[in-house]
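Those sequence lines, one after another, are chains R and L. One rule links them: number in our numbering = place in the first sequence (from 1) + 135. One rule links them: number in our numbering = place in the second sequence (from 1) + 13.
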Amino acid sequence: MENNEPIEAAYIWVVEASKGAVTDETGNFTIKNLCPGTYSITIKYLGHQEINDSLELVDNSFNKTYRLEEESLNLTGVEIHGHRDAVQTTTAVTALYGDALLEARGENLGESLKRIAGVTTFSTGNTISKPVIHGMHSNRIMILNNGIRLEGQQWGAEHAPEIDPFLADEITVIKGAETVRYGPEAMGGVILVNPAPLFTKKESQSELNLLGGTNGKLGNIAFSHSAGSGKLKGLGYRVQGSAKRAGNVKSPDYYQTNTGMSELNFSGSLGYSSSKLGIETYYSFFNTSIGILRDAHTGNLSDLEEIIQNGRPFTDGSFTYTIDNPKQVVSHHLAKVKSHYHISENWKLNAQYGFQLNLREEYDRRRGDLNDKPSLDLKLFTNTLDLFLDHTHKNEFSGTWGVNLIQQANSNIPGTGITPLIPNYDMFNLGVYLMEKYSKGPVEVEAGLRFDLRSVQTARYVNNELQEADLDYQNFSAFIGGLFQLSPTLSLSSNLGSAWRPPNVNELFSQGLHHGAAAIEIGDENLESEKSFKWVNELEFDRKKLHLSLTGYANQIQNYIYLNPTGETVVSLRGTFNVYEYLQNTAFFYGFDFAGSYQFTEKLNGYAKGSIIRAKNTADNNYFPFIPSDRMDWGISINFGESSSAQTNKLTLSNLLVAKQKREPDFDIAPAPAAYALFNLAYQKGFALENNKLNLGIQVQNLFNSSYKEYMNRFRYFTDDIGRNILLKINYQF
Amino acid sequence: MFNSKKAYLLTLLIASFSFIGCESDDPVPENDGEVITDVILNFQELNASGTPTGPITTFKAADPQGIVVGGSPTIQSVSLMKGKSYQMKIEVRNSIENEDITSEILAEADEHQFFFLGTAFVGSGFLTYAYADPSGDLIGLVGKVTVSQSTGFNNAIMRIVLRHDLDKNFPGASNPNFENFVQAGGETDLDVNFPVIVQ
């Protein structure tokens with residue numbers, strides 16, 4: 136507290152337990168799972184004198200108020216890490232921030248999240264990648280851009296999330312079924328991409344990132360500036376932008392033709408907060424052009440079979456930044472207004488409105504003027520409104536009750552010269568939910584319930600005939616979870632949640648040729664909603680030098696929708712095509728993730744992480760395609776700096792081991808590629824320059840320039856994956 | 014200092030007003046202009062000096078619905094005379110939109126090329142083909158087909174492949190019977206098997 140006003144975002148550190156916390160808007164903080172005993176604590180807040188205190192913890196809970204004295208000295212080296220929107224859940228949660236996020240800078244969202252055990256990617260070449268949590272992706276997971284569920288055309292395997300990772304100062308992955316909290320489709324997990332909280336006092340912070348990569352001659356620049364007003368206390372803003380350009384990617388033996396990309400992103404926010412009220416407005420714009428590997432676009436089945444047999448493009452390609460057809464041009468606008476109001480000490484009312492516009496154009500190789508017209512041209516509007524009430528009662532119950540509305544309108548922009556793959560549609564979803572949590576001592580238990588209603592109206596012309604459909608879905612979902620501190624070093628969390636996902640329009644209405652894939656895909660209007668039960672358990676062990684975490688899960692899904700080869704072919708004047716249809720059946724997913732680190736000496740650290748997933752079509756006793764194979768990433772790092780220094784100075788050598796996927800479905804157009812091992816080298820050094828901070832990073836990915844193919848990359852049929860890439864990353868904070 | 018409660022209610026009001034639903038546009042029928050529904054082979058006998066003479070015989074492969082499950086093309090048998098030479102003109106049409114795609118192919122002569130394969134052209138010497146496009150480009154919209162005088166059999170398969178976006182300078186691509194045409198890159202726009210009978 137300062138003048139009896141609460142201080143938000145002050146940092147509290149418990150020395151003996153190596154645990155920390157950050158105060159919330161009311162100046163409160165909680166450090167859980169401490170054993171009785173004597174502890175030394177340190178409280179830090181920029182511009183204030185540090186408090187060092189010793190206290191004795193006798194029984195299960197302990198409360199104390201500290202007053203921070205303002206200090207005129209310039210404090211340096213104090214790191215403030217805002218956790219304002221920390222997720223309150225008993226499910227397994229892992230976050231990427233600080234040094235780990237710094238290392239991931241320049242990568243897309245999917246690639247960045249591969250650093251988290253249990254998260255892999257489903258990719259289309261080396262520029263399009265979708266995050267996969269415990270074997271699920273696309274419409275079975277959810278991505279939140281600063282609290283708003285990202286609504287693009289996420290059903291498509293080659294449709295990457297429309298989000299710039301540079302806007303985040305923390306990316307969190309929730310590995311449980313979170314339909315109750317976030318709405319339908321959050322079945323496999325949720326990804327939260329969150330910017331840092333805005334400043335509420337007169338201060339400012341800027342950050343510049345400059346990146347370069349040898350493979351694809353990548354250039355990337357990102358800048359952000361945040362400041363708080365000196366005139367109106369509580370007023371703060373941030374502007375942020377990034378630009379990225381890369382040319383054709385090189386596999387060890389050849390260039391991949393037409394794999395360049397460009398990206399231009401911007402975001403800005405303005406907020407005001409007082410002790411009672413908080414308002415934040417936010418806007419983000421994402422814009423990208425992505426070239427699609429020329430050789431991956433095939434005319435018919437025999438074309439496809441020829442290139443699969445060849446295993447690589449027929450020509451060696453060359454370097455260029457030019458992006459030609461086939462390509463994607465995607466832009467995404469997201470605007471939101473969020474506010475909260477403290478009705479009383481225990482009750483808080485929240486309202487959040489989000490508007491999104493997603494524009495997607497996909498261009499194919501066509502004849503003449505048609506090359507200038509997209510083959511797929513979609514415009515998707517989404518409105519979301521959340522109203523919820525939070526209550527917190529000290530050491531007892533806390534919870535959230537809310538209403539959530541989603542309204543969506545999808546239109547095909549006429550003039551493509553191709554019958555649209557998906558119809559125009561209007562969707563409306565209403566959800567009502569409540570969640571309650573009870574915490575006492577080492578135990579925390581939570582449960583929640585939600586009811587959703589959804590209606591979808593579709594319309595499309597096929598062969599000059601208007602086809603319309605009117606569909607309704609409804610569902611109850613619920614979860615129950617707990618967090619148990621078993622001993623001072625060991626904690627267990629367990630969460631059982633039900634989730635659901637209504638079938639997507641492409642699953643219902645696809646009809647015809649999937650251009651470039653030599654496949655005819657047939658939807659089924661009568662598909663039912665997927666319903667799942669996911670049980671996630673996480674065991675965490677933390678002792679001074681050793682950290683271990685193990686996550687085990689099982690996910691049973693009824694009416695799991697998948698694209699199944701019928702074994703039939705269609706013969707046409709263009710040649711032969713395979714026919715696929717959308718079917719549904721019972722699926723069972725289970726697996727483990729592990730992550731651990733050990734400090735051998737002051738200079739030497741080691742880590743290992745990995746994941747194992749098993750997924751089965753239990754009704755047919757068959758496997759599903761594109762389930763990640765077993766993998767492990769391990770490495771050692773040498774710390775050159777003084778152990779007392781806050782500046783990073785370390786060299787990390789890591790090794791990624793990926794097994795061959797031996798559990799393949801009966802039918803695939805090509806067998807799973809061989810197992811592979813990759814070596815990566817990274818050097819990270821931080822410099823303190825008066826009040827500023829400079830971070831330098833050099834990374835060598837695929838150190839030995841190995842040729843390999845990843846099972847989860849759809850372009851493994853056509854090409855090797857990316858070869859060696861040397862990256863230079865400069866980060867300057869001032 | 015303004016009233017925070019008022020501000021909050023105002024925000025709520027703005028939020029609810031902005032929640033005016035956008036509606037999807039009414040769907041519009043698309044002209045599937047790219048679909049090829051008809052491939053027409055026009056044969057005309059060549060005289061000793063290489064000039065086309067006499068009547069034109071037409072053979073057609075048609076797939077009136079385009080690429081749909083259950084539909085399959087109907088393909089006429091090509092009947093030719095032993096020892097004769099013919100000019101073969103290929104016509105490509107979209108009967109659904111009543112469009113002539115032949116001119117589009119001609120306009121993009123550098124990106125398109127027909128290849129002539131199957132037992133009729135490869136290995137048998139049954140038929141021989143030479144490009145004879147008036148522009149001098151190797152396209153195959155116009156060509157010369159010669160029927161062997163002495164063949165041990167009287168029927169074969171004539172596979173006609175139209176490649177789009179290929180590298181025309183790829184070694185071997187100037188051969189109309191180039192079996193490894195996929196190596197020259199690009200993709201297949203047409204792949205039709207006409208049965209051929211010679212008398």
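We put the CB at the ideal spot given by N, CA and C, even for glycine. Keep in mind the model is a prediction, meaning the values are calculated, not measured.
R:I442 (DSSP reduced to helix, strand or coil): Position 307 of the first sequence, counting from 1, holds the residue named residue 442 of chain R. Secondary structure at R:I442: helix, using DSSP grouped into helix, strand and coil.
Chain L within 9 Å of R:G217, Cβ atoms only: Position 82 of the first sequence, counted from the first residue, corresponds to residue 217 of chain R. Annotation note: pLDDT 32 at R:G217 (below 50); position unreliable, no value reported.
Distance between L:T164 and L:S92 (C-alpha atoms, nearest Å): To locate residue 92 of chain L, count along the second sequence from 1; it is residue 79. To locate residue 164 of chain L, count along the second sequence from 1; it is residue 151. One Cα belongs to L:S92, the other to L:T164, and the distance between them is close to 15 Å.
Chain-ordered chain R contacts of L:D202 [CB-CB under 7 Å]: As a first step, residue 202 of chain L is located in the second sequence; it is residue number 189 there, counting from the start. Near L:D202 (Cβ distances below 7 Å), the residues of chain R are G434, R709.
Span separating the alpha-carbon of R:Q95 from that of R:T551: Past the edges of chain R, shown from 136 to 869, lies residue 95 of chain R, and the structure says nothing about it.
Range of the contiguous beta strand (DSSP E) that encloses R:R373: Along the first sequence, read from residue 1 onward, the residue named residue 373 of chain R stands at position 238. For R:R373, the enclosing beta strand (DSSP E) starts and ends at 370-381.
Among L:R106, L:A74, L:P42, the one whose alpha carbon lies nearest that of L:N206: One-based indexing of the second sequence puts residue 206 of chain L at position 193. Nearest to L:N206 by C-alpha distance, out of L:R106, L:A74, L:P42, is L:A74.
Any 3 or more C-beta pairs closer than 8 Å across the stretch 394-412 of chain R and the stretch 619-636 of chain R: The stretch 394-412 of chain R and the stretch 619-636 of chain R do not touch, with fewer than 3 CB-CB distances between them shorter than 8 Å.
C-alpha gap between L:I173 and R:I865, whole angstroms: Within the second sequence, residue 173 of chain L is the residue found at index 160, counting from 1. Within the first sequence, residue 865 of chain R is the residue found at index 730, counting from 1. Their Cα atoms are separated by approximately 56 Å.
Alpha-carbon to alpha-carbon, R:A362 and R:D504: The sequence position of residue 504 of chain R within the first sequence is 369, counting from 1. The sequence position of residue 362 of chain R within the first sequence is 227, counting from 1. A direct Cα-Cα distance of roughly 49 Å separates R:D504 from R:A362.
Contacts that L:A74 makes with chain R (C-beta to C-beta distance below 7 Å): For the purposes of this step, residue 74 of chain L is taken as residue 61 along the second sequence, with counting starting at 1. Those are L708, listed as they occur along chain R.
R:Y715 - partner residues in DSSP beta bridges: Position 580 of the first sequence, counted from the first residue, corresponds to residue 715 of chain R. Paired residue(s): R:E656, R:P700.
Sheet register partners of L:M94 (DSSP bridge): Your numbering for residue 94 of chain L matches position 81 in the second sequence. Note: L:M94 sits in no beta bridge, so no partner.
Residue-chain proximity (R:Y372, chain L), Cβ-Cβ < 9 Å: Looking up residue 372 of chain R in the first sequence gives position 237. For R:Y372, the answer is no, since every Cβ of chain L falls outside 9 Å of its Cβ.
Cβ-based burial, R:N837 [other Cβ within 10 Å; buried from 16]: What you label residue 837 of chain R is simply residue 702 of the first sequence in a count that begins at 1. R:N837 should be labelled buried.
Beta carbon of R:I263 nearer than 9 Å to that of R:I425: The residue given as residue 263 of chain R occupies position 128 in the first sequence. The residue given as residue 425 of chain R occupies position 290 in the first sequence. Inclusion of R:I263 and R:I425 in the CB contact set at 9 Å is warranted, their separation being smaller than that value.
Cross-chain neighbours of L:G198 in chain R, by beta carbon under 9 Å: For this step, residue 198 of chain L is matched to residue 185 along the second sequence. Chain R residues near L:G198: T392, R429, D430, P448, F449, T450.
Status (buried if at least 16 other CB within 10 Å, exposed otherwise) for L:V230: Chain L is shown only over 14 to 212; residue 230 of chain L falls outside these bounds and no answer can be derived.
Cβ of L:V195 within 9 Å of any chain R Cβ: Sequence index remark: in the second sequence, residue 195 of chain L carries index 182 (1-based). For L:V195, the nearest beta carbon of chain R is closer than 9 Å to its own beta carbon.
CA nearest to the CA of R:K797, picked from R:N539, R:S273, R:I762: In the first sequence, the residue the question calls residue 797 of chain R occupies position 662. When each option's Cα is compared against that of R:K797, the closest is R:I762.
For R:V472, the nearest candidate out of R:K508, R:L520, R:F723 (CA to CA): Locating residue 472 of chain R in the first sequence gives position 337, where the first residue counts as 1. Taking only the C-alpha atoms, the option nearest R:V472 is R:L520.
Of the residues R:L367, R:L708, R:I857, the one placed nearest L:L203, counting alpha carbons only: Residue 203 of chain L sits at position 190 when you count from the first residue of the second sequence. Nearest of R:L367, R:L708, R:I857 to L:L203, Cα basis: R:L708.
Where R:E673 falls, given that 16 or more other Cβ within 10 Å makes a residue buried: For the purposes of this step, residue 673 of chain R is taken as the residue at position 538 of the first sequence. A residue is called buried once 16 or more other Cβ atoms fall within 10 Å of its Cβ, and R:E673 is buried on that count.
Close-in-space but distant-in-sequence residues of the same chain around R:K249 (CB under 7 Å, 5 per side omitted): Here the question's residue 249 of chain R lines up with position 114 in the first sequence. Correct list, in chain order: T255, T256.
R:A613 versus R:N713: straight-line alpha-carbon distance, rounded: In the first sequence, counting from the first residue as 1, residue 613 of chain R sits at position 478. In the first sequence, counting from the first residue as 1, residue 713 of chain R sits at position 578. Cα to Cα, the separation comes out at about 40 Å.
Cut-off 7 Å between Cβ atoms - residues of its own chain near R:G369, not counting five sequence neighbours on either side: Counting from one through the first sequence, the residue named residue 369 of chain R turns up at place 234. So the qualifying residues of the chain are T335, Y407, S408, S409.
Buried or exposed (CB count within 10 angstroms, at least 16 for buried), R:H528: Mapped onto the first sequence, residue 528 of chain R falls at position 393. Under this definition R:H528 is an exposed residue.
Nonlocal neighbours in the same chain, by C-beta distance under 8 Å from R:L208, ignoring five residues either side: Walking along the first sequence from the start, residue 208 of chain R turns up at place 73. Unreliable placement is indicated for R:L208, whose pLDDT of 37 sits below 50; no coordinate value is reported for it.
Delimiting residues of the beta strand (DSSP E) encompassing R:E750: Position 615 of the first sequence, counted from the start, is the residue given in the question as residue 750 of chain R. The amino acid at residue 750 of chain R is misidentified as Glu; the sequence shows Ala. Following the DSSP letters along the chain, one finds R:A750 inside the beta strand (DSSP E) bounded by residues 739-752.
Reduced DSSP category for L:S187 - H, G, I as helix; E, B as strand; rest coil: Within the second sequence, residue 187 of chain L is the residue found at index 174, counting from 1. L:S187: coil per DSSP, three-state reduction.
DSSP-derived helix/strand/coil call for L:F194: Counting from 1 along the second sequence, the entry for residue 194 of chain L is found at position 181. Here L:F194 sits in helix by DSSP.
Which listed residue (L:P65, L:E58, L:H125) has its alpha carbon closest to that of L:G153: Counting from one through the second sequence, the residue named residue 153 of chain L turns up at place 140. Closest in C-alpha terms to L:G153, from the list L:P65, L:E58, L:H125, comes L:H125.
Distance between R:I553 and L:E112 (C-alpha atoms, nearest Å): One-based indexing of the second sequence puts residue 112 of chain L at position 99. One-based indexing of the first sequence puts residue 553 of chain R at position 418. Their backbone Cα atoms lie some 15 Å apart in a straight line.
Extent of the continuous alpha helix (DSSP H) to which R:L231 belongs: Here residue 231 of chain R corresponds to residue number 96 of the first sequence, with the count starting at 1. No alpha helix (DSSP H) contains R:L231, which is instead part of the beta strand (DSSP E) from 228-232.
L:A120, enclosing alpha helix (DSSP H) - first and last residue: Here the question's residue 120 of chain L lines up with position 107 in the second sequence. Segment 115-120, the alpha helix (DSSP H) holding L:A120.
Proximal residues of chain L, C-beta to C-beta of R:S546 below 7 Å: Translated into positions along the first sequence, residue 546 of chain R becomes position 411. In chain order: S37, D38.
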